[in-house]
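From first to last, the protein sequence lines are chains A and B.
Sequential numbering of the first sequence, starting at 1, is according to the working numbering.
Sequential numbering of the second sequence, starting at 142, is according to the working numbering.
Protein chains: 2
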Amino acid sequence: MNYDKLKLKNQLCFPLYACSKEVVRRYKPFLDELDLTYTQYITMMVMWEQKIITVKELGKFLYLDSGTLTPVLMKLENKGYIERIKNRIDGRVLDLKLTHTGEELMEKAVNIPEQIVKCVPLDEADANKLYEILYHILDSR
Amino acid sequence: MNYDKLKLKNQLCFPLYACSKEVVRRYKPFLDELDLTYTQYITMMVMWEQKIITVKELGKFLYLDSGTLTPVLMKLENKGYIERIKNRIDGRVLDLKLTHTGEELMEKAVNIPEQIVKCVPLDEADANKLYEILYHILDSR
DNA sequence: TAAGAATAGATTGCACACAATCTTTTTGCT
DNA sequence: AGCAAAAAGATTGTGTGCAATCTATTCTTA
C-alpha cells in the first residue's frame, strides 16, 4: 500500500489552512493599532459598505453563523462602532447599523489593504489567479 | 477619498480565510468517522510519517506552537495514538512516539485524501498553481 | 564553575469557529 | 383562527490559535 497521499507535503488543504493563518497574523500589527481582531475587521468591512444589514445577511457575506457573530457584534457594539436594533417589522431579525464612530474608524483603516500587499509577496497575476481559484472553491458550496 | 480597497470583494486575505475554513468543513464528515478533528488529523499525518518527533519539530511542520499543541497531543495520547515521553538526554524536550494503535489508524485514513479531492472542484493545473502560490507565501516568513 | 541567558514545553487568558440546542417570532396550512 | 413548521438569533459546550507568562532544564561565558 502506498501512503504518499497521506503525507503533509502532498496535501493542498494544509498549505491553505497554514497560509490563511499566516496572512491573518500579518494583519495583526495593523489591526492592533485599531484595537480590532481580524474577525472584527472583516465585520466592519461589511458594515462600512452596507451601513445597515441584518445578522443573517452579514453571516452570508462572511460565511459565519450567529454562534460566532453574536459575541463579535456585542463587542463591536460595546466599542460604539455599531448598533444592534431589533427589527420592528420582523421581531426575529436584528438589524446592525453603522454608527458615526464606526464610520470614523474607516478613515483609520483605509491604509491597511495596501500595507498588507507589501507584506505578502505576490505579483498581480498570481494574486488574480489565487483570487479566482479561491472563489471557485467557495462558490461550489 | 476612494474606499474601494476596503471592500470585502477586493480582499485576497478574506477568500483565503473563508476557503480554508470551507475545505476543513468538507473534511469533517470523513474525520468524524475516525473521531479526529482537523488539527488532530494533520498532527497524525506528521506522526505517521515521522514515527518519532519532538514537540518543537512537530510545531515547525504544522506552524503551531506548544500553546496549541499541548492540549491536542494530550488528547491524542488519551486516544492511544501517540506516547509523550520525556527525552532522557535533554530534559526540556518531549518526544512524541507513534503507537501501534496510531499506526493502525493510518489504514482507516488512507482513503481520505482522494475523497477530499472529489469534494473540491479543482483541475490539476489549478491545484498545482494554488499549491505553488500558497507555499510561496508561507516560505516568505 | 556559578550565574545569567536561552530553550522547550506547559499554563493561562482571550477570541474565535462551529455544532447542537433553545427561545422568540413569523409563516403556512387547513 | 389555530397550530405545526420554519426562521432568526442567542446560548452552550468543545476545540483550537495564539500571545504572554511560567517552570524546568541546559547552555554560555565571564
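Virtual Cβ for every residue (Gly too), placed ideally from N, Cα, C.
Name the residue from Q11(A), A18(A) and Y3(A) whose alpha carbon lies nearest to the alpha carbon of S281(B). Here residue 281(B) refers to the residue found at position 140 when the second sequence is read from its first residue. For the residues Q11(A), A18(A) and Y3(A), the minimum Cα distance to S281(B) belongs to A18(A).
Looking at I193(B) and K227(B), is the spacing between their C-beta atoms short of 8 angstroms? Taking the second sequence and counting its residues from 1, one reaches residue 227(B) at position 86. Taking the second sequence and counting its residues from 1, one reaches residue 193(B) at position 52. The answer is no: Cβ separation not under 8 angstroms.
Chain-ordered chain A contacts of S207(B) [CB-CB under 8 angstroms]: Numbered from its first residue, the second sequence carries residue 207(B) at position 66. Near S207(B) there are no residues of chain A at all, since even the closest Cβ is about 16 angstroms away, more than 8 angstroms.
Give me the DSSP bridge partner(s) of E224(B). By one-based count along the second sequence, residue 224(B) stands at place 83. E224(B) pairs with K238(B).
Using only CA atoms, which one of R229(B), Q181(B), L205(B) and Y204(B) lies nearest to E218(B)? For this step, residue 218(B) is matched to residue 77 along the second sequence. Among R229(B), Q181(B), L205(B) and Y204(B), the Cα nearest to that of E218(B) belongs to Q181(B).
Based on the DSSP secondary-structure assignment, which residues constitute the bridge partners of I53(A)? Here the question's residue 53(A) lines up with position 53 in the first sequence. Per DSSP, L96(A).
Note down, in chain order, each residue of its chain lying with its Cβ closer than 8 angstroms to the Cβ of L263(B), except the 5 sequence neighbours on either side. As a working mapping, residue 263(B) is identified with position 122 in the second sequence. Hits under 8 angstroms: L271.
Drop a sphere of 10 angstroms on the beta-carbon of Q152(B), count the other beta-carbons inside from all chains shown, and report buried for 16 or more, exposed for fewer. One-based indexing of the second sequence puts residue 152(B) at position 11. Burial call: buried.
Counting C-beta neighbours from all protein chains within 10 Å, is the total for A266(B) 16 or more, i.e. buried, or is it exposed? For the purposes of this step, residue 266(B) is taken as residue 125 along the second sequence, with counting starting at 1. So A266(B) ends up on the exposed side.
Report yes or no: do the region 165 to 175 of chain B and the region 253 to 263 of chain B share at least 3 C-beta pairs separated by less than 8 angstroms? yes
Should P212(B) be labelled buried (16 or more other beta-carbon atoms within 10 Å of its own) or exposed? Position 71 of the second sequence, counting from 1, holds the residue named residue 212(B). With fewer than 16 other Cβ atoms within 10 Å, it is exposed.
C-alpha distance - L64(A) paired with K7(A), whole-angstrom precision: Counted from its first residue, the first sequence places residue 64(A) at position 64. Counted from its first residue, the first sequence places residue 7(A) at position 7. Distance between the alpha carbons of L64(A) and K7(A) is about 30 angstroms.
Compute the beta-carbon to beta-carbon distance between F202(B) and I42(A), rounded to the nearest angstrom, for a pair I have assumed lies under 8 angstroms. For the purposes of this step, residue 202(B) is identified with residue 61 of the second sequence, where counting begins at 1. For the purposes of this step, residue 42(A) is identified with residue 42 of the first sequence, where counting begins at 1. About 29 angstroms separates the two Cβ atoms, so there is no contact after all.
Nearest chain B C-beta to H100(A) closer than 8 angstroms, yes or no? Indexing the first sequence from 1 puts residue 100(A) at position 100. No - not a single Cβ of chain B is within 8 angstroms of the one on H100(A).
Taking Cβ-Cβ distances below 9 angstroms as the criterion, which residues of the region 10 to 22 of chain A are in contact with chain B? N10, Q11, L12, C13, F14, P15, L16, Y17, A18, C19, S20, K21 and E22
Test item: CB-CB of L199(B) and V187(B) under 8 angstroms: Taking the second sequence and counting its residues from 1, the one referred to as residue 199(B) is at position 58. Taking the second sequence and counting its residues from 1, the one referred to as residue 187(B) is at position 46. Their beta carbons are under 8 angstroms apart, which means L199(B) touches V187(B) by this criterion.
Can you give me the start and stop residues for the alpha helix (DSSP H) that M215(B) sits inside? The count along the second sequence starts at 1 and reaches residue 215(B) at position 74. Run containing M215(B): S207 to N219, per the alpha helix (DSSP H) assignment.
With the cut-off set at 8 angstroms, would you say V93(A) and T68(A) are in Cβ contact? As a first step, residue 93(A) is located in the first sequence; it is residue number 93 there, counting from the start. As a first step, residue 68(A) is located in the first sequence; it is residue number 68 there, counting from the start. No; because the gap between Cβ atoms is not below 8 angstroms, this pair is not in contact.
Determine the extent of the alpha helix (DSSP H) in which I278(B) is found, giving its start and end residues. The sequence position of residue 278(B) within the second sequence is 137, counting from 1. From DSSP, the alpha helix (DSSP H) with I278(B) extends over E265 to L279.
Would you verify that the beta carbon of F30(A) is, or is not, closer than 8 angstroms to some beta carbon of chain B? As a working note, residue 30(A) is residue 30 in the first sequence. No, because no Cβ of chain B sits closer than 8 angstroms to the Cβ of F30(A).
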